[in-house]
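Student:
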Amino acid sequence: MDAVIARLSPVWEAMCPGCEFITPNGTGSVPEDGLQFLAITFPVSDEEMKTVGDPGNNTFREEGAFRIVLAAPIGTGLDPWSGYIDQLRALFRAKVFDGITCFEATPAAIDDGSDQGGYIRLSFAVSYKFDYFG
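Under the working numbering, residue 766 is the last one in the sequence shown; the count climbs by one each step, no gaps.
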């Protein structure tokens, strides 16, 4: 989680200076002024032991997905929001960093449940794997 957040945070700050970035049980909150914000969740992951017989050096693989949600004010259209989503998807699609291998980044999901309160939410998910030893 830390590596993904560390990769995403400066890019979002450069794209949208001063905009909130909400992390799990961490920084950021929904802006009271109704401005756009970005949120990240880690809704699914699993771990599998890939090697056995070498305590302390066995390979464990975590596989899962993280979800990025851009909440934009209702009535502002899809520009520039869809462009922001495309840039963020490209930040992770087929990238390797800090031992994490990212795979596909789904197209932005917008459906009947996307509008909540004063926001429309555009979201996408990125699948990943991470190997560690123990």
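Cβ atoms here follow ideal geometry from the backbone N, Cα and C, with glycine treated the same way.
Since we're looking at a predicted model, the values are computed, not measured.
1. In chain order, what residues of the same chain lie with their CB nearer than 6 angstroms to the CB of Lys682, ignoring the 5 residues before and after it?
2. So, are the CB atoms of Phe765 and Gly685 less than 9 angstroms apart?
3. Considering Asp718, what are the terminal residues of the alpha helix (DSSP H) in which it resides?
4. What do you get for Ala722, buried or exposed, if any count of 16 or more other CB atoms within 10 angstroms of its CB means buried?
5. State the CB to CB distance for the pair Pro675 and Ala697, rounded to an integer number of angstroms; the pair is presumed to be in contact (CB under 8 angstroms).
6. Report the option in Gly731, Pro712, Ser755, Ala757 whose CA atom is closest to the CA atom of Ala635.
7. Return the CA-CA distance between Ile706 and Ala741, expressed in angstroms with no decimal places.
8. State the Cα-Cα distance for the pair Lys761 and Glu679, rounded to the nearest angstrom.
9. Grab me the residues of Phe729's own chain with a C-beta within less than 8 angstroms of its C-beta, minus the 5 sequence neighbours each way, in chain order.
10. Taking 6 angstroms as the limit between beta carbons, can you name the residues of its chain near Val701, skipping five residues before and five after?
11. How should Ala726 be labelled, buried or exposed, when 16 other C-beta atoms within 10 angstroms of its C-beta is the threshold for buried?
Tutor: Short version:
1. For this step, residue 682 is matched to residue 50 along the sequence shown. Result list for Lys682: Thr691, Arg693, in chain order.
2. Taking the first residue of the sequence shown as 1, we reach residue 765 at position 133. Taking the first residue of the sequence shown as 1, we reach residue 685 at position 53. In this structure, Gly685 does not lie closer than 9 angstroms to Phe765 by Cβ.
3. Counted from its first residue, the sequence shown places residue 718 at position 86. From DSSP, the alpha helix (DSSP H) with Asp718 extends over 713-724.
4. Indexing the sequence shown from 1 puts residue 722 at position 90. Burial call: exposed.
5. The sequence position of residue 675 within the sequence shown is 43, counting from 1. The sequence position of residue 697 within the sequence shown is 65, counting from 1. Confirmed, Cβ separation roughly 7 angstroms.
6. The residue given as residue 635 occupies position 3 in the sequence shown. Among Gly731, Pro712, Ser755, Ala757, the Cα nearest to that of Ala635 is on Gly731.
7. Taking the sequence shown and counting its residues from 1, the one referred to as residue 706 is at position 74. Taking the sequence shown and counting its residues from 1, the one referred to as residue 741 is at position 109. If I take the Cα positions, the gap works out to 16 angstroms.
8. Residue numbering aside, residue 761 sits at position 129 when the sequence shown is read from its first letter. Residue numbering aside, residue 679 sits at position 47 when the sequence shown is read from its first letter. The straight-line gap from Cα to Cα measures roughly 10 angstroms.
9. For this step, residue 729 is matched to residue 97 along the sequence shown. Closer than 8 angstroms at the Cβ level, and outside the excluded window around Phe729, lie Ala635, Arg639.
10. The residue you call residue 701 lines up with position 69 of the sequence shown. Same-chain partners within the cutoff: Ala671, Arg753, Ser755.
11. As a position in the sequence shown, residue 726 is number 94, starting the count at 1. The residue in question, Ala726, is exposed, as its Cβ has fewer than 16 Cβ neighbours within 10 Å.
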